[in-house]
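Chains as they are written, first to last, in my numbering: chain H, 1 to 277; chain R, 278 to 554.
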């Protein structure tokens, strides 16, 4: 075969990942961003937004399980969950595994991401069909600011902090989330890689600390994200979230109770680079 | 600037990592392999053997610390250590941090790797100057087969199992190591990524299990290796190595006692993909 197609992401100005492509399945521009779906040999189907890989079939479970199950198992009795971003549906798929949750809202600004995920990623978007899920195509920042003392868990499953996503890493947004949470609520956001985007991680951690009583960083593996080492920053009003409060009752491939605890063990360089005391 | 230089590794047939290059520092061919040293913007200086990244200044500490300190802290009183491969010196640098170790031998088949590391990676090769270290330019397979009941720890810091390194993943080599170890000896080898080289991991694990009484897989992050998730397989004659037997007495950036324990917590997909019972 003489034709070789490669999808290349510029992960930073100085670092690229490339996946060999079987087939280009979708290429379009929504109101907000460029959406690409390709089928790759290494990682299966892959969706990129403005050139940045969001999910691949082979490894998305690590990210989505860690986004959803850590805060959900750290809370004794979560009933209302809000997901901001996450239009592919992967985080919602994990949330709906918890039978005791009464309502799950997903707010994503870009309806094309939701549509494209439903069309090309049935195993990721599957959670959207759950009756407890409400999807709102809206600005998550505005949406969450209208809610007070309402949610048990808020999960921010955002893209990198460029353009429309920039405000999702800033103090006013974190304050709105704080107010939208009940008195024992828990908030989590993806906060990038310490190797490749340390400034973002450091700033997000600092901003979340200005708002929440207790803040932790935990981490997991995510092969198609820069460096493969991915962090999540969690703010809690009341509970120590570093230990699960409930046994793992859901089927998972990455998460379990021991992984929960291990994810909060930060190699010393992370503490040092982020400047955690 | 109109000239852009990139170093690209074909991590698998279908996956590439590329680092933008400031300067090419060395490019030569030894008796065994092509050796390249480039200075990159993202990861600092980088050495590749036959196109495969071995070390970068920014992330090598994660790999070398996990190779050395896990077996060393799992043993109550290690005196004699053998490192096979590892000609860059990074693993030896970590081993010499342990003051109670009496002798450290490094056996690498390719003296050019040692020479190039000494010239371009002073912070990695620094351990070679320790008086307890003996460097032997020899075939590690033959060398270890001449020793019986001698070492406390054997560390196999090899390249991927292609060409000369293939035998380093096979049963006869593991049997020689078993016999070279004392009755309470510990052996560890790097065993690739579950995402990108699952067959190699599965086979190495199976082969080591045929030889050693107790076998564990542990893991850590290594950004410039395929997928960023890296495994190490450890065979032990006597001790449970999943918990450190001694407090961490050395200066580290990735390893500590809690990281030791957390590294043995495998996400369930690893157990499933490898076929561990």
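The beta carbon of each residue, even a glycine, is placed where N, CA and C say it ideally should be.
Please read all numbers here as calculations on a predicted model, not as lab measurements.
{"Query": "Extent of the continuous beta strand (DSSP E) to which residue 184/H belongs", "Result": "181 to 190"}
{"Query": "Beta-bridge partners of residue 284/R, as assigned by DSSP", "Result": "296/R"}
{"Query": "Secondary structure of residue 286/H, DSSP reduced to three states", "Result": "There is simply no residue 286/H to check, as chain H begins at 1 and stops at 277 in what is shown."}
{"Query": "Extent of the continuous alpha helix (DSSP H) to which residue 477/R belongs", "Result": "475 to 486"}
{"Query": "is_contact[residue 20/H, chain R] using C-beta, thresh 8 angstroms", "Result": "yes"}
{"Query": "DSSP bridge partner residues for residue 56/H (one or two, in chain order)", "Result": "46/H"}
{"Query": "Cβ contact check for the segment 507 to 514 of chain R and the segment 467 to 485 of chain R: 3 or more pairs under 8 angstroms", "Result": "yes"}
{"Query": "Inter-residue spacing [alpha-carbon to alpha-carbon] between residue 17/H and residue 304/R", "Result": "23 angstroms"}
{"Query": "Straight-line Cα distance separating residue 350/R from residue 258/H", "Result": "21 angstroms"}
{"Query": "Beta-carbon proximity of residue 462/R to residue 429/R, cut-off 8 angstroms", "Result": "yes"}
{"Query": "Beta-carbon neighbours of residue 245/H, restricted to chain R and to distances below 8 angstroms", "Result": "Ordered by position in chain R, no residue passes the 8 angstroms Cβ test against residue 245/H, which lies about 18 angstroms from the chain."}
{"Query": "Coil, strand or helix - residue 396/R by DSSP", "Result": "helix"}
{"Query": "For residue 428/R, the three-state DSSP class (helix, strand or coil)", "Result": "strand"}
{"Query": "Validate contact between the segment 115 to 127 of chain H and the segment 144 to 160 of chain H using beta carbons, cut 8 angstroms, 3 pairs", "Result": "no"}
{"Query": "Collapsed DSSP secondary structure at residue 620/R in the structure displayed", "Result": "There is simply no residue 620/R to check, as chain R begins at 278 and stops at 554 in what is shown."}
{"Query": "Short CB-CB distance (under 8 angstroms) between residue 191/H and chain R", "Result": "no"}
{"Query": "Below-8 angstroms beta-carbon distance, residue 542/R vs any chain H residue", "Result": "yes"}
{"Query": "Proximal chain R residues relative to residue 228/H, where beta-carbon distance stays under 7 angstroms", "Result": "498, 500, 504, 505, 506"}
{"Query": "Endpoints, alpha helix (DSSP H) assigned at residue 142/H", "Result": "140 to 145"}
{"Query": "Identity of the residues DSSP links to residue 506/R by a beta bridge", "Result": "498/R"}
{"Query": "Burial state of residue 183/H, where buried means 16 or more other Cβ atoms lie within 10 Å", "Result": "exposed"}
{"Query": "For residue 386/R: DSSP bridge partner residues", "Result": "For residue 386/R, which the question treats as bridged, DSSP gives no partner whatsoever."}
{"Query": "Selection of the segment 471 to 482 of chain R by Cβ proximity to chain H, strictly under 9 angstroms", "Result": "472, 473"}
{"Query": "When 366/R, 412/R, 455/R, 470/R are compared against residue 437/R, the one with the closest alpha-carbon", "Result": "470/R"}
{"Query": "Residues of the segment 147 to 178 of chain H with Cβ closer than 7 angstroms to any Cβ of chain R, in chain order", "Result": "none"}
{"Query": "Rounded C-alpha distance that separates residue 492/R from residue 554/R", "Result": "12 angstroms"}
{"Query": "Given 8 angstroms, three or more beta-carbon pairs between the segment 303 to 320 of chain R and the segment 410 to 420 of chain R", "Result": "no"}
{"Query": "CB contact check: residue 15/H to chain R, cutoff 8 angstroms", "Result": "yes"}
{"Query": "Secondary structure of residue 531/R, DSSP reduced to three states", "Result": "coil"}
{"Query": "Meets three-Cβ-pair contact criterion under 8 angstroms: the segment 323 to 337 of chain R and the segment 305 to 312 of chain R", "Result": "yes"}
{"Query": "Nearest residue (CA-CA) to residue 269/H, options 289/R, 512/R, 447/R, 342/R", "Result": "342/R"}
{"Query": "Proximity of residue 83/H and residue 106/H at Cβ, strictly below 8 angstroms", "Result": "yes"}
{"Query": "Where residue 536/R meets chain H, residues with beta-carbon distance less than 7 angstroms", "Result": "265, 267"}
{"Query": "Residue 82/H - partner residues in DSSP beta bridges", "Result": "105/H, 154/H"}
{"Query": "Residue 272/H (DSSP reduced to helix, strand or coil)", "Result": "helix"}
{"Query": "Counted within 10 angstroms of its Cβ, other Cβ atoms place residue 446/R as buried (16 or more) or exposed", "Result": "buried"}
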